[in-house]
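In what follows, a structure is listed as structure tokens, so that the remarks can point back to it.
Number of protein chains: 2
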Amino acid sequence: MTLDPTKNPDWKIAQDAESRMKTVETLAAEMGLESSELLPYGHYMGKIEQQAVLERLAGRPDGKYVDVTAITPTPLGEGKSTTTIGLVQGLARRGLRSSAAIRQPSGGPTMGMKGSAAGGGLSQCIPLTPYSLNFTGDIHAVGAAHNLAMTALTARMQHERNYDDATLARLSGMRRLNVDPTRVGTGWVMDFCAQALRNVIIGIEGDGRRNDGFMMRSHFDITVASEVMSILSVARDLGDLRERMGRMVLALDRDGNPVTTADLEVAGAMTAWLVEAVKPNLIQTIEGQPVLVHTGPFGNIALGQSSVIADRVGLKLSDVHVTESGFAAEMGYEKFWNLKCRYSGLTPDAAVIVATVRALKSHGGAPQPRPGRPLPEAYTREDVGLVEAGCVNLLHHIGIVRRSGVPSVVCINKFHTDSPAEIAAIRRICEAAGARVAVSEHWKKGGEGALELADAVMDACNSGKRHFTPLYDWNLPLTERITCIAREIYGADGVDFEPLAAQRLKALQERPDVNELGVCMVKTQYSLSDDASRKGVPASWRLHVRDVLLFGGAGLVCPVSGDISLMPGTGSHPSFRNIDVDVNTGRVTGLF
Amino acid sequence: MTLDPTKNPDWKIAQDAESRMKTVETLAAEMGLESSELLPYGHYMGKIEQQAVLERLAGRPDGKYVDVTAITPTPLGEGKSTTTIGLVQGLARRGLRSSAAIRQPSGGPTMGMKGSAAGGGLSQCIPLTPYSLNFTGDIHAVGAAHNLAMTALTARMQHERNYDDATLARLSGMRRLNVDPTRVGTGWVMDFCAQALRNVIIGIEGDGRRNDGFMMRSHFDITVASEVMSILSVARDLGDLRERMGRMVLALDRDGNPVTTADLEVAGAMTAWLVEAVKPNLIQTIEGQPVLVHTGPFGNIALGQSSVIADRVGLKLSDVHVTESGFAAEMGYEKFWNLKCRYSGLTPDAAVIVATVRALKSHGGAPQPRPGRPLPEAYTREDVGLVEAGCVNLLHHIGIVRRSGVPSVVCINKFHTDSPAEIAAIRRICEAAGARVAVSEHWKKGGEGALELADAVMDACNSGKRHFTPLYDWNLPLTERITCIAREIYGADGVDFEPLAAQRLKALQERPDVNELGVCMVKTQYSLSDDASRKGVPASWRLHVRDVLLFGGAGLVCPVSGDISLMPGTGSHPSFRNIDVDVNTGRVTGLF
Numbered sequence: 359m360t361l362d363p364t365k366n367p368d369w370k371i372a373q374d375a376e377s378r379m380k381t382v383e384t385l386a387a388e389m390g391l392e393s394s395e396l397l398p399y400g401h402y403m404g405k406i407e408q409q410a411v412l413e414r415l416a417g418r419p420d421g422k423y424v425d426v427t428a429i430t431p432t433p434l435g436e437g438k439s440t441t442t443i444g445l446v447q448g449l450a451r452r453g454l455r456s457s458a459a460i461r462q463p464s465g466g467p468t469m470g471m472k473g474s475a476a477g478g479g480l481s482q483c484i485p486l487t488p489y490s491l492n493f494t495g496d497i498h499a500v501g502a503a504h505n506l507a508m509t510a511l512t513a514r515m516q517h518e519r520n521y522d523d524a525t526l527a528r529l530s531g532m533r534r535l536n537v538d539p540t541r542v543g544t545g546w547v548m549d550f551c552a553q554a555l556r557n558v559i560i561g562i563e564g565d566g567r568r569n570d571g572f573m574m575r576s577h578f579d580i581t582v583a584s585e586v587m588s589i590l591s592v593a594r595d596l597g598d599l600r601e602r603m604g605r606m607v608l609a610l611d612r613d614g615n616p617v618t619t620a621d622l623e624v625a626g627a628m629t630a631w632l633v634e635a636v637k638p639n640l641i642q643t644i645e646g647q648p649v650l651v652h653t654g655p656f657g658n659i660a661l662g663q664s665s666v667i668a669d670r671v672g673l674k675l676s677d678v679h680v681t682e683s684g685f686a687a688e689m690g691y692e693k694f695w696n697l698k699c700r701y702s703g704l705t706p707d708a709a710v711i712v713a714t715v716r717a718l719k720s721h722g723g724a725p726q727p728r729p730g731r732p733l734p735e736a737y738t739r740e741d742v743g744l745v746e747a748g749c750v751n752l753l754h755h756i757g758i759v760r761r762s763g764v765p766s767v768v769c770i771n772k773f774h775t776d777s778p779a780e781i782a783a784i785r786r787i788c789e790a791a792g793a794r795v796a797v798s799e800h801w802k803k804g805g806e807g808a809l810e811l812a813d814a815v816m817d818a819c820n821s822g823k824r825h826f827t828p829l830y831d832w833n834l835p836l837t838e839r840i841t842c843i844a845r846e847i848y849g850a851d852g853v854d855f856e857p858l859a860a861q862r863l864k865a866l867q868e869r870p871d872v873n874e875l876g877v878c879m880v881k882t883q884y885s886l887s888d889d890a891s892r893k894g895v896p897a898s899w900r901l902h903v904r905d906v907l908l909f910g911g912a913g914l915v916c917p918v919s920g921d922i923s924l925m926p927g928t929g930s931h932p933s934f935r936n937i938d939v940d941v942n943t944g945r946v947t948g949l950f
Numbered sequence: 359m360t361l362d363p364t365k366n367p368d369w370k371i372a373q374d375a376e377s378r379m380k381t382v383e384t385l386a387a388e389m390g391l392e393s394s395e396l397l398p399y400g401h402y403m404g405k406i407e408q409q410a411v412l413e414r415l416a417g418r419p420d421g422k423y424v425d426v427t428a429i430t431p432t433p434l435g436e437g438k439s440t441t442t443i444g445l446v447q448g449l450a451r452r453g454l455r456s457s458a459a460i461r462q463p464s465g466g467p468t469m470g471m472k473g474s475a476a477g478g479g480l481s482q483c484i485p486l487t488p489y490s491l492n493f494t495g496d497i498h499a500v501g502a503a504h505n506l507a508m509t510a511l512t513a514r515m516q517h518e519r520n521y522d523d524a525t526l527a528r529l530s531g532m533r534r535l536n537v538d539p540t541r542v543g544t545g546w547v548m549d550f551c552a553q554a555l556r557n558v559i560i561g562i563e564g565d566g567r568r569n570d571g572f573m574m575r576s577h578f579d580i581t582v583a584s585e586v587m588s589i590l591s592v593a594r595d596l597g598d599l600r601e602r603m604g605r606m607v608l609a610l611d612r613d614g615n616p617v618t619t620a621d622l623e624v625a626g627a628m629t630a631w632l633v634e635a636v637k638p639n640l641i642q643t644i645e646g647q648p649v650l651v652h653t654g655p656f657g658n659i660a661l662g663q664s665s666v667i668a669d670r671v672g673l674k675l676s677d678v679h680v681t682e683s684g685f686a687a688e689m690g691y692e693k694f695w696n697l698k699c700r701y702s703g704l705t706p707d708a709a710v711i712v713a714t715v716r717a718l719k720s721h722g723g724a725p726q727p728r729p730g731r732p733l734p735e736a737y738t739r740e741d742v743g744l745v746e747a748g749c750v751n752l753l754h755h756i757g758i759v760r761r762s763g764v765p766s767v768v769c770i771n772k773f774h775t776d777s778p779a780e781i782a783a784i785r786r787i788c789e790a791a792g793a794r795v796a797v798s799e800h801w802k803k804g805g806e807g808a809l810e811l812a813d814a815v816m817d818a819c820n821s822g823k824r825h826f827t828p829l830y831d832w833n834l835p836l837t838e839r840i841t842c843i844a845r846e847i848y849g850a851d852g853v854d855f856e857p858l859a860a861q862r863l864k865a866l867q868e869r870p871d872v873n874e875l876g877v878c879m880v881k882t883q884y885s886l887s888d889d890a891s892r893k894g895v896p897a898s899w900r901l902h903v904r905d906v907l908l909f910g911g912a913g914l915v916c917p918v919s920g921d922i923s924l925m926p927g928t929g930s931h932p933s934f935r936n937i938d939v940d941v942n943t944g945r946v947t948g949l950f
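Residue numbers (the working numbering), protein chains in the order written: chain V, 359 to 950; chain R, 359 to 950.
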């Protein structure tokens, strides 16, 4: 018997389910892995030797490939991971071999406002605590690789300042890189929401000292926004990862040429930290299906996709493999469609768009809910009018998926407080627009509550209506590609580039590999526009691009819009206050 | 057949031995662990459920307890870890069940100048690569716990600046802590030698922004120097760890009162990150004996001991358990003797003092060798006079161990370049001073080369001459305890306290728990004095204490002497340049 999710927090449900979970060896054997292809990490987690699996099963056809995306969320989240897990559980109840690919949660949101990201209610993955905290160390390894590069760069700048060319050559056998301290684009990383590290000055010398670094402005981003994480998302294998690791551009030299990790001779050592991280992780749903966990979140400020490697493995081992892309369709699904699928060569059979009555009410005009505060009254009483008004946002996201040529299913992720009339209104509006709709109670009932969703997804997969088409031609200039995304996907009237952004785009456009660089937008997830406060489908606005980052290793140009930061902040009511450990059992309490 | 260490780098020897190593399950079973007491991490590493082991074996008598320390080293290291592993291998060849406890290497030295810290030649532990890099994630977890505390502190300072008391209470239900920004003693951590982060300014606000932290000076230390690491070293169990985690003092408030992790309500969440890290790790020597790995290095700027927990477990499972303390006897052994043994309640049966011809020549007046540079000529030709002159340093360390009442063995860690006359000179001088001496060729010959050492250690253990006595009474004032260490152990004429240090000691002396706080010295490891350039046994000098840190959770007062920094630097010839990955096998090359 599982616990009642209306009466128990997620972590209690997880601990209860963990008392019955399979060992990772059993889980791996059931999904068809050979014992040599599993690296156990404790009794219930493991890593998959993906190279061996992909070579052994090269001739096996892939299963169906389903992406889960969502409407524009509230800060409380609309249950995209919960729906991914619920769908996999529902598919299993229909006798299908199903698997999920999700991303490892970042310590920032886990300690800051989310508590966890393992799904919720009766659609969770377990073991909850290790998954939510250190897990198998992948995010830590990404942070180490990234900060090693910055250690190499900043030490080099100090040595080049302190020594003349002859001394440098004698000491280290290296040529002068001549890094321009005003054009060091890359900062350091830390996987917490440490806003105090957003803007820093580093390398402050003590009196008469010359070995305390090079004084300059710098910054910290959250680790999961690191380019190294994006590389882990898109790399096809360890060889591809090694090559990409050397192409990261950390700065420009005084002539404006890129200074890369290869120039610093640090790319091999960075890769050494990632040898285990390149292997996807394996855990299970509370109903026992395999969940591959790989790479990190943040579809708003990074690629934010579960990895190409995890999907390739999942597709070989399952009838249906369900992957997740970050935040709403205009962010996560657009990147899945135009970036990840190009890197992987895979194309989805269907996409699920998760909607909630709560988010629709927020788009219909209800006051915005905030984490850790009581819900405004509009969310706790029936209000069909608010829901109907908010459906414009949902219809916009349906249109985005349709534009990609992929059959979609709207999943109404039902809360036990939603009224039948509210649910009926959403169904009516979506069906009038020609969309496939499923009401799903996986949060409350697990896989049994997701049967309608599972059936609708299989219907979409088997509909024969797939005409997967990229949004734009990569041979178009960068500005045109950005403008295409802004107009056709976000619904903007156009794009304004600040002088800094325009200048950087102009320089990037001159790179010989510009047509191999993808456009990875950095934008708030809380609105279709670049202003988080604008709900529904904002009209009469222009996208404001204030900066452009180059992720040379991941092969991405990242236009930064609005005032979004790559280092989120910790609010005044952080979730770490609720977290503790039962020292007799070692169990962590308070993750929710 | 093992490879010849005179012709192969350490990482090649390790890879060769790894092709024959036992699985961690076999290793654990052979040492008497039950299968439920092992958490495998891949096929060759694991964690030990120490609480279960200690409860099951509570009635079993402990094995013999041996600490390995050294003379004052050169920057190349004198093979303390190598000797620890070699001794365990030698003891096994004598039919004894032996185990080692060593510390996980820090990414800083591994990437900066050491390459690895797994021993060397035919006395190494394996698997080398994971041990040398992420391992099972303990150092990462320590860094996460530490930086979470700093995230909590700095976010709180921002919120307290931005809101009045009423708003604060409404938003977060918390009282005002009133942190004094000029008295935030704790910095952030990162596990690389990033000298550019030694002195930083954080929390720089954008124009008109109030949510980018609180602007102030701050600093980064290397993660292994974190108080959290010291707590992991001394904690007896998870309950003890949880309590200590709340007693960390991060800052003072405007009235001079300590602001702790408990005040920030973050100690439970910090502990949550450490639930797995509290379990010691298990790997093997290249000859198959168990090696427990727990906590980090840096006996010069931290406690630098393998953990109390690892030693308690090792002593229950072995006839002889060999533990290691950081750097030379005046640093690592003094802390083992007067701090770790008090925390653990354990007392050693013998201590090994590792000496090399190389280090003795450096104390005898040879020019100092430097990592990554050719050895000066004095080290590559026979020079008995230099060796004899350098023995003053060795005799001083023998005296330190004698002072503790523990029988000692001088281990001459023989290099294949040492001449018989040089070795004979050391033996003669030590034996004239009444010391037990063993020449050991474990680097070249593995356990077979360590039989003389193993026999000498067992002779010391069984000599019946143990009168273990603490150096000082903890009821003495802090300044007297520091002066006692400086005079009796370092050979200083006295101690000069800078005004800041004197003022902090005065405040600490007024704490009601002052007699429960240990003195943990921070000093260079390259000299008995606080000046790294002074070799041999410096005379006519006074210890210069410029600052004093309080590690309230670990229960330590740390006087900082000389210009030693808690964030080492990366030099102009870093080892990361040599490290790479064979992408076909996933093997890391270039760790040495």
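Idealized CB from N, CA, C, for every residue including glycine.
Status (buried if at least 16 other CB within 10 Å, exposed otherwise) for residue i
i: Gln447(R); result: buried
i: Arg782(R); result: It should be pointed out that residue 782(R) corresponds to Ala in this sequence rather than to Arg. Exposed, by the Cβ-count rule.
i: Ala660(R); result: buried
i: Leu650(R); result: buried
i: Ala450(V); result: buried
i: Leu434(V); result: buried
i: Pro463(V); result: buried
For residue i, the first and last residue of its enclosing alpha helix (DSSP H)
i: Gly626(V); result: Ala625 to Ala630
i: Gly501(R); result: Asp496 to Asn520
i: Tyr701(R); result: Cys699 to Ser702
i: Gln409(V); result: Gln408 to Arg414
Enclosing beta strand (DSSP E) for residue i [first to last residue]
i: Pro398(V); result: Leu396 to Tyr399
Within chain V, the residues that residue i reaches when beta carbons sit closer than 8 Å
i: Asn505(R); result: Met548, Phe550 and Ala552
i: Pro433(R); result: Those within 8 Å of Pro433(R) in chain V number zero; the least Cβ separation is about 15 Å.
i: Gly807(R); result: Simply none; closest approach about 30 Å.
i: Met469(R); result: Leu506, Thr509 and Ala627
Spatial distance of residue i from residue j (CA atoms)
i: Glu789(R); j: Lys370(R); result: 38 Å
i: Gly944(V); j: Met573(V); result: 44 Å
i: Ser885(R); j: Pro734(R); result: 19 Å
i: Arg904(R); j: Val617(R); result: 23 Å
i: Tyr737(V); j: Pro778(V); result: 14 Å
i: Trp801(R); j: Trp546(V); result: 39 Å
Chain V residues whose Cβ lies nearer than 7 Å to that of residue i
i: Trp631(R); result: Leu491 and Asn492
Expected contact under 8 Å - CB spacing of residue i and residue j to nearest Å
i: Lys881(R); j: Asp871(R); result: The Cβ separation is near 24 Å, so there is no contact.
is_contact[residue i, chain B] using C-beta, thresh 8 Å
i: Phe572(R); result: As a matter of chain content, chain B is missing from the structure shown, whose protein chains are V and R.
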